[in-house]
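Undergrad:
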Amino acid sequence: MTFQLTKRPDHWYAVYVLVRSEKKLLAALEQKGIECYLPLKTERRQWSDRVKVVQEPLLRGYIFVRVNNKEYYEVLNTSGAIRYVCFDDKPAAIPDRQIESLRIFVEHANASLEVTTERIRKGTGIRVVTGPLKGVTGEVVEIRGRKRVLLRFGTLGYYLHAELGTQSIEVVSGKNEAT
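When we follow full-length UniProt numbering, the leftmost residue of the sequence shown carries the number 1, and every step to the right adds one.
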């Protein structure tokens, strides 16, 4: 199977990773000088004798890499990397703004704001205009109660939960801007 890279020399791509090898692959890629991103979440784990706070991957089985044509195959030659995430047999390039939105979301995941269903409906494209998630765009997939909104980040193929207030968002025209 051969892959064709996009014309742009540096693009973000998602890479499938061996089970529970995300952090090891991150370290190996950083050691090779390849720009990569592994979104982590903080969890409290209870052992029989203690409670420990640990960093776990937010999206298990994936790591994001920003590579040029030369580095593209170097990633696959790194222990722990399986293959690139592909659509129609082509590696799926992820726009910079979506990776930045994911970084902002992870950084401020505990931000708590208010939301109502009056302005926002399923399928609405939104952009956060104030607060810690400023600049993040997404599509409303579901509204859960009065405070929880399920956002979709298009090419990532993942759904992320966020609590947003109507005063903190604006509706963007069409779904395409939100993906």
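Here a beta-carbon is modelled for each residue, glycine too, at the ideal position from N, C-alpha and C.
A quick note: this is a predicted structure, and the numbers were derived from the prediction, not measured.
If you check the beta carbons only, do R66 and L76 fall under 8 Å apart?
TA: Locating residue 66 in the sequence shown gives position 66, counting from the first residue. Locating residue 76 in the sequence shown gives position 76, counting from the first residue. No, they are not a contact pair.
Undergrad: Have a look at I169 and A28 and give me their C-alpha separation to the nearest angstrom.
TA: Here residue 169 is taken as the residue at index 169 of the sequence shown, counted from 1. Here residue 28 is taken as the residue at index 28 of the sequence shown, counted from 1. Cα to Cα, the separation comes out at about 39 Å.
Undergrad: So, helix, strand or coil for R97, using DSSP?
TA: On the sequence shown, residue 97 is found 97 positions in, with the first residue counted as 1. Residue state, collapsed to three classes: helix.
Undergrad: Return the first residue and the last residue of the alpha helix (DSSP H) that K24 is part of.
TA: Here residue 24 is taken as the residue at index 24 of the sequence shown, counted from 1. Residues E22 to Q31.
Undergrad: Under a Cβ-count criterion, where at least 16 other Cβ atoms within 10 Å of its own Cβ denotes burial, should Y13 be classed as buried or exposed?
TA: As a working mapping, residue 13 is identified with position 13 in the sequence shown. The residue in question, Y13, is buried, as its Cβ has 16 or more Cβ neighbours within 10 Å.
Undergrad: Sort out for me which residues DSSP pairs I126 with in a bridge.
TA: The count along the sequence shown starts at 1 and reaches residue 126 at position 126. According to DSSP, which records beta bridges pairwise, I126 is partnered with G138 and V171.
Undergrad: Would you identify the three-state DSSP class for V106, choosing helix, strand or coil?
TA: Your numbering for residue 106 matches position 106 in the sequence shown. In the structure shown, V106 sits in a helix (DSSP, three-state: H, G or I).
Undergrad: Is the segment 84-92 close to the segment 30-41, with three or more CB pairs under 8 Å?
TA: In short, these stretches do not touch, since the Cβ pair count stays below three.
Undergrad: Secondary structure at residue 205, three-state DSSP: helix, strand or coil?
TA: With the chain covering only 1 through 179, there is no way to say anything about residue 205.
Undergrad: How big is the Cα-Cα spacing for K134 and V106?
TA: Sequence index remark: in the sequence shown, residue 134 carries index 134 (1-based). Sequence index remark: in the sequence shown, residue 106 carries index 106 (1-based). When rounded, the distance between both Cα atoms is 13 Å.
Undergrad: Would you mind reading off the limits of the beta strand (DSSP E) that contains A92?
TA: Translated into the one-based positions of the sequence shown, residue 92 becomes position 92. Unbroken run through A92: none, as it is neither H nor E.
Undergrad: Tell me whether L26 is buried or exposed, calling it buried when 16 or more other Cβ atoms sit within 10 Å of its Cβ.
TA: Here residue 26 corresponds to residue number 26 of the sequence shown, with the count starting at 1. Result: buried.
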